[in-house]
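Here is the structure we will look at.
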Amino acid sequence: MYGHGILNTEEKTQFDAQVSGIHRRIAHFLHSTYSTPLKNLLKYLFETKIGGRQLYSTILRPLMRDPRRFMAEADAKCLDEGHQAYLTKIIPEALMQESATPWVQDLGLFSSHWGFNVSDIDPSVKPTIHLWHGTGDKQVHEVMSVAFKRLVPEAHLRIIQTGAHFQYFVCNLKLQEEALTALLRTAT
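Mapping to the numbering used here: the sequence shown position 150 is 145, numbers consecutive.
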């Protein structure tokens, strides 16, 4: 997304300002043009069974021992308020393959063309697209949803002030109801 015409210059600047140091370094590496052969080699290695497992055991497993340190404050607070089961369910499930391959593939979504232009989405589908985004999200930054909305103006964008990556859906029943109502209202 980042390097393939979705973010304009101002949005790229906002993206760079929002991302953490490690995310910024990864994004810049993935979007650099001078190292395409190296990027392709690393991507290939980490998408193989052996490479994916090695990256998992050296980087992801240690990071996930204390995932709260990578979460937005609102997400961590949500877990502290009785939603620990959410974390104990999603982290092991997300990592059950014991491979970093899905993580590498996710990073690829930010650094490669999706195979279509979002503005070319079927016009009958566009009004049914809903984006709910928390301003405190550390995983996917708000500017990505804003850019998507710019390209697909028929989509519905709801920015949740103080929301994070999952907190507003896991911990806030009112927002859960609003989201479900909005989805059902636009369902075809």
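Beta carbons: idealized from backbone N, C-alpha and C, even for Gly.
Under the three-state DSSP convention, the category residue i falls into
i    : result
I154 : strand
L126 : strand
P148 : coil
T176 : helix
F10  : helix
A193 : Residue 193 falls outside the range modelled here, since the chain spans only -4 to 183, and no answer is possible.
Close beta carbons around residue i, own chain, < 8 Å, minus the five adjacent residues each side
i    : result
I155 : W127, H128, G129, T130, Y163 and L170
A150 : K121, P122, I124, H125, L126, F143 and K144
Same chain, Cβ closer than 6 Å to residue i, neighbours up to 5 away in sequence not counted
i    : result
L74  : L82
E137 : H128 and T130
Y29  : Any reading at Y29 must be qualified, since the residue scores a pLDDT of 48, below 50, and its modelled position is unreliable; the value itself is stated next. Nothing listed; no residue qualifies.
N3   : none
R63  : A71
Straight-line gap, residue i to residue j (C-alpha atoms, nearest Å)
i    : j    : result
P148 : I116 : 11 Å
H160 : D132 : 5 Å
V165 : G77  : 10 Å
S94  : L168 : 34 Å
Q79  : P32  : 42 Å
T157 : A69  : 7 Å
Contacting residues, own chain, Cβ-Cβ under 7 Å from residue i (five flanking each side not counted)
i    : result
L178 : H125
A182 : T123
Residue burial classification, residue i (beta-carbon count within 10 angstroms, cutoff 16)
i    : result
S140 : buried
I243 : The structure shown does not extend to residue 243, since the chain spans only -4 to 183, so no value can be given for it.
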